[in-house]
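One structure below.
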Amino acid sequence: MSLKSKLHELKLKYQGKKMAPAFNAFHTFLFSPDETTHAGGTHVKAADDLKRTMNTVIMALIPVLLFSMFNAGYQHYSAINGFPADFSVMNDFLTWDNFWIGIIKVLPLVVVSYGVGLLVEFIFAVIKGHEVEEGYLVTGMLVPLIVPIDTPLWMLSVAVVFGVVIGKEVFGGTGMNILNPALTIRAFLFFAYPTWMSGDKVWVYGARERSEEILAGANVDAISGETILGYLAQNKGAEMTYSVSDMFFGFIPGSVGETSAFLILLGGLFLIYTKIASWRIMVSAVIGSLVMGLIFNQIVDFGWIAESSKFYGLMSFDFWKHLIVGGLAFGIVYMATDPVTGSQTNKGKWFYGFFIGFISVMIRVFNPAYPEGVFLAILLMNVFAPTIDHYVIRGNIKNRMKRLKNATIYPKDSDGKAEELKAETV
Amino acid sequence: MSKDIRIKKGLNINLVGAAEQTTSKAVLSNVYAIQLSDFHGITPKMIVKQGAEVKAGEPLFYNKNMRDMLFVSPVSGELVEIERGDRRRILTLKILADKTQEAFAGAALDVEKASKGELKAALLKSGCWPFIKQRPYDVVANPDATPKSIFISGYSSAPLQADLDYVLQGKEKELQAAITALGKLTPGKVHVAVSGSGNSPLTSLKGIELHKVSGPHPAGLVGTHISKLDPINKGETVWTVSPQDLVIIGEYLLTGKFNAERIVALVGSSVKAPKYYSTKIGAEISTFLYASGVNEENFRVINGDVLTGSKSKPDGFLGFYNNTVTVIPEGDDYELFGWNKPVFNKISATRALTFSWMQPKKKYELDTNTNGEHRAFVVTGQYEEVFPMDIFPMQLLKACMVEDLDEMEQLGLYEVAPEDFSLTEFICISKQPHQKIIREGLDLLQKEIG
Chain L
1 MSLKSKLHEL KLKYQGKKMA PAFNAFHTFL FSPDETTHAG GTHVKAADDL
51 KRTMNTVIMA LIPVLLFSMF NAGYQHYSAI NGFPADFSVM NDFLTWDNFW
101 IGIIKVLPLV VVSYGVGLLV EFIFAVIKGH EVEEGYLVTG MLVPLIVPID
151 TPLWMLSVAV VFGVVIGKEV FGGTGMNILN PALTIRAFLF FAYPTWMSGD
201 KVWVYGARER SEEILAGANV DAISGETILG YLAQNKGAEM TYSVSDMFFG
251 FIPGSVGETS AFLILLGGLF LIYTKIASWR IMVSAVIGSL VMGLIFNQIV
301 DFGWIAESSK FYGLMSFDFW KHLIVGGLAF GIVYMATDPV TGSQTNKGKW
351 FYGFFIGFIS VMIRVFNPAY PEGVFLAILL MNVFAPTIDH YVIRGNIKNR
401 MKRLKNATIY PKDSDGKAEE LKAETV
Chain B
1 MSKDIRIKKG LNINLVGAAE QTTSKAVLSN VYAIQLSDFH GITPKMIVKQ
51 GAEVKAGEPL FYNKNMRDML FVSPVSGELV EIERGDRRRI LTLKILADKT
101 QEAFAGAALD VEKASKGELK AALLKSGCWP FIKQRPYDVV ANPDATPKSI
151 FISGYSSAPL QADLDYVLQG KEKELQAAIT ALGKLTPGKV HVAVSGSGNS
201 PLTSLKGIEL HKVSGPHPAG LVGTHISKLD PINKGETVWT VSPQDLVIIG
251 EYLLTGKFNA ERIVALVGSS VKAPKYYSTK IGAEISTFLY ASGVNEENFR
301 VINGDVLTGS KSKPDGFLGF YNNTVTVIPE GDDYELFGWN KPVFNKISAT
351 RALTFSWMQP KKKYELDTNT NGEHRAFVVT GQYEEVFPMD IFPMQLLKAC
401 MVEDLDEMEQ LGLYEVAPED FSLTEFICIS KQPHQKIIRE GLDLLQKEIG
């Protein structure tokens, strides 16, 4: 008996039972279901379903994940031994040693994120008796990529439970949530455990322990793992040794998967090409961040701000470089484009994206404790997305109402002669 | 001045099994049936009893809410069965056909001279009225209302739909009579849309506003034309008639006889020799299905096209409005890793490892598999790609689902029929039943606001 028919029998056996959703989740993972179209609808359907859609986003994230695993090791060893003098990608970056650090530090984050998140999803599916929905497939991959590498696994677990339950399931599951679940998890971590989420000791594996050793009196010579934005926020831009190409290709410290603007750009192009993510949001968010960056650059050019000001470092940062450092690119491509929490109308998407870029850079510059604002900007715009849509849809309704004023409504044809009457205006 | 319609948003679904342009005469059906599911919202009151002898065109029942609106038998014979469902609701009326057909004599009418009232009475009495449908609500037209315009689509853009240019050949006289009559029923225009590239008999008619349409499906749906030319406002009425039904109307007006004959396209990838058959409304589908032959064991017979048709059986009956019968394979089988492997043999509106966009001319053999499970609405912006009206499709669907009457009105539910949402339903990633949602929304709106 083939696997297919065996599973089919099991499916019939579980039908109507409590555990059916759990079984079906595994079954539909192996085989797309044998369901046929119902009466009263189309008899054929297009090839895509939600699993395929989510899978496409994951495919766009895989290169970023692999890069981040190498970068984890590269940053770790560079912090101990200093950056290699003549850097070559093959000899200094894509090495087994680097990847091994990725395996012991990044992979556990991925496993815990998926394990805990899917467990919560399964429990909710069984309790509520609906199918396990695919939303967490993407969330589970995003979460490990947007946290600092040294985040303890128990912390991540707590945050994931919070994010999935409060961020999504209480609203009714995938498709019903107001806030992006991955960013809810990130925000929870940020506000619950701020010392683990910011500063110059969290972005590189081992930096925290080393600093503790140094405090304890050990004589270790090491580069601190400050991010570029961290340098700039302290007006120490001059001390920074990273080149523009380092920033663009991602050989810099930062949250696990946010560093390589290059691979994120490729992922974004892939998502636009497959028509899975909205190009409108991506393009308008890039425009929004450039506009805000230009405004800050102009302020510096006009000399409206003193060089001693604590905002000077970030404000004088070239406007376009904002896109290749920090989490802005990652946020724009993978988080802002979440269709559930973003604007749903095409016109609304332009405004939604623009403000994400604009506010991200604004928060980045003015946030005193933590020079990064993408996740806050996206969460803020998640909240405003329905309002944006409301006004876009109002516009459509207003046109319809205007048309209604010139409607030709004829009286009921009881006396045989129809006279044109102007419709009562509504 | 006639205005041409060119749409960009849409999707052509090219399927295997288009009908060859030859027409055979179908074997005479023993039993003919009128299916009440074709007349949405009509409650029948029987005129004749079970076992009664009727002639072709003789009334069988009337609309309970409108005594004048009669529904007639397509053939002469004996009313052998009244099939009832829950609460004795009538489902199907079956008529055992006589060997020699007799027509019920009505009165021919001089359409040029007849008054509006005479025409209306004649159409109601003859059983031709139900061919006229109205919007809002997508139901049989209310004869009391005066439509602001009448729309006729002579362009078949739905997948594998019968080619109207072909089946209407030689029917100019009947079409003209029907158009002249309809023209008198509206103070507005009679809009006729034809394919921009085709050669439709409709183009030569007088008393119409001719529009050439081009673009992908739904370019042929009347809803698309209405929204581009004369969108419906609250309180307004628009009537629509399909051109093949015009032929029956026209023939009645010219001869006084209700002739239920119709040329039907038998299509689909499961049909061995897809082509046209001349048969009658209500004929058993098997009378022509097996003449062409079917390829497989496990197939589905659809009364209509694959997007809007209703599920039937080989021993089912041709619907009142249908000119296409589609037969495609059932897709009740599992597919290993169907959700993530590259797909070459199915149509998709995305490019997520689906490659139908690379070969827009390729013809596909789609089956009835849903290709995924039902989910909440997640993805946005995709319906708009195939929806040419000035309406927010997802927002309207959601308004219908939560039964918000104000929103339904404001978002334009008066302007649409379920068939306008067939393409969005086809591409829907969440596999939501759009047409059902719109149908229920329309029913609710009609019940509450009327």
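So the protein lines, in turn, are chains L and B.
Everything in the first sequence is counted per the UniProt record's numbering, starting at 1 for the first residue and increasing by one.
Everything in the second sequence is counted per the UniProt record's numbering, starting at 1 for the first residue and increasing by one.
Beta carbons: idealized from backbone N, C-alpha and C, even for Gly.
Quiz item: Around the C-beta of Ser115(B), are 16 or more other C-beta atoms found within 10 angstroms, so that it is buried, or is it exposed?
Solution: Counting Cβ neighbours within 10 Å, Ser115(B) comes out exposed, since fewer than 16 surround it.
Quiz item: Is it true that the CB of Ile427(B) sits closer than 8 Å to the CB of Thr368(B)?
Solution: Taking 8 Å as the Cβ cut-off, Thr368(B) and Ile427(B) do not qualify as a contacting pair.
Quiz item: Nearest-angstrom Cα distance between Val48(B) and Gly57(B)?
Solution: Looking at the two C-alpha atoms, the distance is approximately 13 Å.
Exercise. In angstroms with no decimal places, state the Cα-to-Cα distance between Tyr276(B) and Gly319(B).
Key: Tyr276(B) and Gly319(B) have their C-alpha atoms roughly 16 Å apart.
Practice problem: Could you spell out where the alpha helix (DSSP H) holding Thr28(L) opens and where it closes? | Solution: That run of the alpha helix (DSSP H) goes Ala20 to Leu30.
Exercise. Scan the segment 165-192 of chain B and note each continuous alpha helix (DSSP H) run of 4 residues or more that stays entirely inside, going in chain order.
Key: Within the segment 165-192 of chain B, the complete alpha helix (DSSP H) runs of at least 4 residues are 172-185.
Quiz item: Which stretch, first to last residue, makes up the beta strand (DSSP E) that contains Asp406(B)?
Solution: Counting along the chain, Asp406(B) falls outside any beta strand (DSSP E), though it belongs to the alpha helix (DSSP H) covering Leu405 to Gln410.
Quiz item: Can you give the Cα-Cα distance for Arg89(B) and Ile42(B), rounded to whole angstroms?
Solution: Between the alpha carbons of Arg89(B) and Ile42(B) lies a gap of roughly 11 Å.
Quiz item: Using the rule of at least 16 other Cβ atoms within 10 Å of the residue's Cβ for burial, across every protein chain shown, is Ala216(L) buried or exposed?
Solution: Classification for Ala216(L): exposed.
Self-check item: Nearest-angstrom Cα separation, counted from Gly450(B) out to Leu124(B)
Solution: Their backbone Cα atoms lie some 22 Å apart in a straight line.
Exercise. To the nearest angstrom, report how far apart Ser29(B) and Asp34(L) are at their CA atoms.
Key: Those two C-alpha atoms are separated by around 35 Å.
Practice problem: Indicate whether Lys212(B) and Gly196(B) have their beta-carbon atoms separated by less than 8 Å. | Solution: With contacts defined by Cβ atoms closer than 8 Å, Lys212(B) and Gly196(B) form a contacting pair.
Quiz item: Would you say Val365(L) and Phe311(L) are within 8 Å of each other, going by their C-beta atoms?
Solution: With a cutoff of 8 Å on beta-carbon distance, Val365(L) and Phe311(L) are scored as near each other.
Exercise. Verify whether the separation of the beta carbon atoms of Val379(B) and Thr53(L) is less than 8 Å.
Key: Their beta carbons are under 8 Å apart, which means Val379(B) touches Thr53(L) by this criterion.
Quiz item: Roughly how many angstroms separate the alpha carbons of Tyr14(L) and Val164(L), rounded to a whole number?
Solution: The straight-line gap from Cα to Cα measures roughly 26 Å.
Quiz item: Name the DSSP bridge partner or partners of Gln134(B)?
Solution: According to DSSP, residue pairing for Gln134(B) in a beta bridge involves Val139(B) and Trp239(B).
Quiz prompt | Beta carbon of Ala97(B) nearer than 8 Å to that of Tyr32(B) | solution = Here Ala97(B) is near Tyr32(B), since their CB atoms are less than 8 Å apart.
Quiz item: With distances taken between CB atoms, is the gap from Met197(L) to Pro144(L) smaller than 8 Å?
Solution: For Met197(L) and Pro144(L), no; Cβs fall outside 8 Å.
Practice problem: Answer with yes or no whether the minimum CB distance from Pro339(L) to chain B is below 8 Å. | Solution: Yes, Pro339(L) lies at the interface with chain B (some Cβ there is under 8 Å from its Cβ).
Self-check item: Alpha-carbon to alpha-carbon, Leu423(B) and residue 452(B)
Solution: Coverage of chain B is limited to positions 1 through 450, which leaves residue 452(B) absent and any answer about it impossible.
Exercise. For Leu205(B), write down the residues that DSSP places opposite it in a beta bridge.
Key: By DSSP's assignment, Leu205(B) forms no beta bridge with any residue.
Quiz item: Which residue from Glu236(B), Lys206(B) and Val111(B) puts its Cα closest to that of Arg135(B)?
Solution: If we check each option's Cα against that of Arg135(B), Glu236(B) comes out closest.
Practice problem: Could you say if the segment 65-78 of chain B and the segment 8-27 of chain B meet the contact criterion of at least three C-beta pairs nearer than 8 Å? | Solution: Inter-segment contact for the segment 65-78 of chain B and the segment 8-27 of chain B is absent: fewer than three beta-carbon pairs are separated by less than 8 Å.
Quiz item: Which chain L residues are close to residue 462(B), counting only those with a beta carbon under 9 Å from its beta carbon?
Solution: Look at the range of chain B in this structure, 1 to 450, and you will see that residue 462(B) is not part of it.
Exercise. Kindly indicate if chain L contains any beta-carbon less than 8 Å away from that of Met389(B).
Key: For Met389(B), the answer is no, since every Cβ of chain L falls outside 8 Å of its Cβ.
Self-check item: Under the three-state DSSP convention, the category Glu133(L) falls into
Solution: Here Glu133(L) sits in coil by DSSP.
Quiz item: Across which residues does DSSP place Ile95(B) in a beta bridge pair?
Solution: According to DSSP, which records beta bridges pairwise, Ile95(B) is partnered with Tyr32(B) and Leu79(B).
Quiz item: Any Cβ of chain L within less than 8 Å of the Cβ of Asp245(B)?
Solution: Residue contact check for Asp245(B) against chain L: no CB pair falls below 8 Å.
Quiz item: If we call anything under 8 Å between Cβ atoms a contact, is Ala183(B) one with Val192(B)?
Solution: Checking the sequence shown, residue 183(B) turns out to be Gly, not Ala. Going by C-beta atoms, Gly183(B) is not nearer than 8 Å to Val192(B).
Quiz item: Can you find a C-beta in chain L that's less than 8 Å from the C-beta of Arg87(B)?
Solution: No, its Cβ sits nowhere closer than 8 Å to a Cβ of chain L.
Quiz prompt | Assigned secondary structure, His211(B) (DSSP; H/G/I helix, E/B strand, else coil) | solution = Residue state, collapsed to three classes: strand.
Quiz item: For Glu322(B), which residues from the same chain have a beta carbon less than 6 Å from its beta carbon, with the 5 sequence-adjacent residues on both sides left out?
Solution: Sequence check: residue 322(B) is Asn here, not Glu. Excluding positions up to five away in sequence, the list reads Asn303 and Gly304.
Quiz item: Which residues, in chain order, does the UniProt domain "NqrA N-terminal barrel-sandwich hybrid" (5-97) of chain B contribute to contact with chain L at a C-beta distance below 9 Å?
Solution: The UniProt domain "NqrA N-terminal barrel-sandwich hybrid" (5-97) of chain B vs chain L, Cβ under 9 Å: Leu11, Ile13 and Leu15.
Practice problem: Answer with yes or no whether the minimum CB distance from Asn369(B) to chain L is below 8 Å. | Solution: Residue-level contact check: Asn369(B) touches chain L, since one or more beta carbons of chain L fall below 8 Å from its beta carbon.
Quiz item: So what's Gly304(B) in DSSP terms, helix, strand or just coil?
Solution: In the three-state reduction of the DSSP assignment, Gly304(B) falls in the strand class.
Exercise. Mark Ile356(L) as exposed unless 16 or more other C-beta atoms lie within 10 angstroms of its C-beta, in which case mark it buried.
Key: Within a 10 Å sphere around the beta-carbon of Ile356(L) sit 16 or more other beta-carbons, which makes this residue buried.
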